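Following our numbering, the numbering of the sequence shown begins with 1 at its first residue and continues without gaps.
For reference, the structure discussed in these notes is given below.
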Amino acid sequence: MPTCSVRDALTALPQYLMPAHLLTACAGSLANARMGGLTHALIRRFIARYRVDMTDAAVREPEGYTCFNDFFTRALREGARPLGAAGCLSPVDGVLTQFGAIEQGRLIQAKGRSYSATALLAGDEALAGRFAGGQFACIYLSPRDYHRVHMPCDGTLTRMDYVPGRLFSVNPALARAVPDLLARNERVVCVFDTPHGLMALVLVGAAIVGSVATVWHGRVHPPRSAGLRHWDYVPRSVTLQRGQEMGRFLMGSTVVALWQEPHLRFDAALAPGARVRMGQSLAEWDVDGDTLTVSASSPTT
């Protein structure tokens, strides 16, 4: 039976009560505001509070950003994230909270908790069925992290879905306490054809996440809607290469990646809770059915 500590349960309780969508809308407006010195003071305070490493940023000084969202979605300096040798890379900086096989159509959320691929993928049973027996990885982005999302491997976009939902926080304590957290929150599902079958990148929203954007569409939300929104893409109209940016969070959240290919072998040195960086070798395609391992070392800067 799923269990969580009393502390985790108490942490989760306010999440059910607070007006998350209203707070998120207010936070989004503030993050987009151009307030000159006040914006720069807010950025400096944020850097100090969350110990943000600005040495990797293309623009290091707070005065170089006109609004908080420009800072939060900051670009990296050239060479900050060299790509690893493996066929499959980490799409983001963050904590690898869970990864492994998709068993009986379910993904692990935390110890003792799982959620269904169907629920995660906008309730599409046929799409979820194509990932049966495949692999997944879930990476949590904390406030201090780089918040652009990149391609783990080459891919051609086939569809995108906006899925309305709750706006629970997605930190590890909430993942332990809230059932089906990642399949209940607002999210954007992007499906790609790759040389190794289907891949889905699910950008999961959270409290205070002002919006999610992709490089081909721009901001997917806001505006928010009460119903599912769906886009199909003409074959080869959007093709992205391994390591190329595909989207970004305006404020932080979680990325869940699903791969149809069952013979994707994660590096043996990785474990739940490991920190990863965008471009780091994550896993290798095991085309012959033999386990292959690659270096899990973070790229040097």
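Even glycine gets a Cβ: it sits at the ideal position worked out from N, Cα and C.
In this text the structure is predicted, and so the values were computed from the model without any measurement.
For the pair residue 76 and residue 139, the CB atoms are not nearer than the 8 Å cut-off. In terms of CA proximity to residue 94, 172 leads the group 172, 46 and 37. Beta-bridge partners of residue 43 (DSSP): none assigned. DSSP places residue 232 inside the beta strand (DSSP E), whose first and last residues are 229–232. The beta carbon of residue 147 is closer than 7 Å to those of 72, 73, 141, 248, 249 and 252 in its chain, skipping five residues each way along the sequence. Nearest to residue 270 by alpha-carbon distance, out of 83, 35, 98 and 50, is 98. Under a 10 Å Cβ-count criterion, residue 41 is classified as exposed, with fewer than 16 other Cβ atoms of the shown protein chains found around its own Cβ. Less than 8 Å separates the beta-carbon of residue 201 from that of residue 91.
Judged by beta-carbon spacing, residue 131 lies within the 8 Å limit of residue 258, meaning their Cβ atoms are closer than that value. The beta carbon of residue 225 sits closer than 8 Å to the beta carbons of 162 and 164 from its chain, once the five residues preceding and following it are set aside; these are given in chain order.
Every alpha helix (DSSP H) of 4 residues or more that sits fully in the region 149–185 is shown, in chain order, as 172–177 and 181–184.
At a Cβ-Cβ threshold of 8 Å, residue 160 and residue 189 count as neighbours. Using a Cβ-Cβ distance cut-off of 8 Å, the region 143–157 and the region 107–115 are not in contact, since fewer than three pairs of beta carbons, one from each stretch, lie closer than that value. Annotation for residue 70: no beta strand (DSSP E) segment contains it, though the alpha helix (DSSP H) segment containing it runs 68–72. Taking C-beta atoms under 8 Å as the contact rule, residue 80 and residue 56 qualify, at a distance of about 4 Å. DSSP places residue 118 inside the alpha helix (DSSP H), whose first and last residues are 117–120. If you draw a straight line from the Cα of residue 128 to the Cα of residue 119, it comes to about 9 Å. Nearest C-alpha to residue 235 among 49, 174 and 193: 193. Judged by DSSP in its simplified three-state form, residue 193 adopts strand.
For residue 255, same chain residues with a beta-carbon under 8 Å away, outside a window of 5 residues either side, are 91, 92, 94, 138, 139, 141, 149, 201, 202, 203 and 204 in chain order. With a 10 Å radius around the Cβ and a threshold of 16 neighbouring Cβ atoms, residue 244 comes out exposed. In the three-state reduction of the DSSP assignment, residue 35 falls in the coil class, being assigned neither a helical nor a strand state. By the C-beta density criterion, residue 221 is buried, having at least 16 other C-beta atoms within 10 angstroms. Measuring C-alpha to C-alpha distances from residue 102 to each of 278, 246, 262 and 47 identifies 262 as the nearest. Linking residue 125 to residue 230 through their CA atoms gives a straight-line distance of about 15 Å. Annotated as distal: residue 279 and residue 30, with beta-carbon spacing of 8 Å or more.
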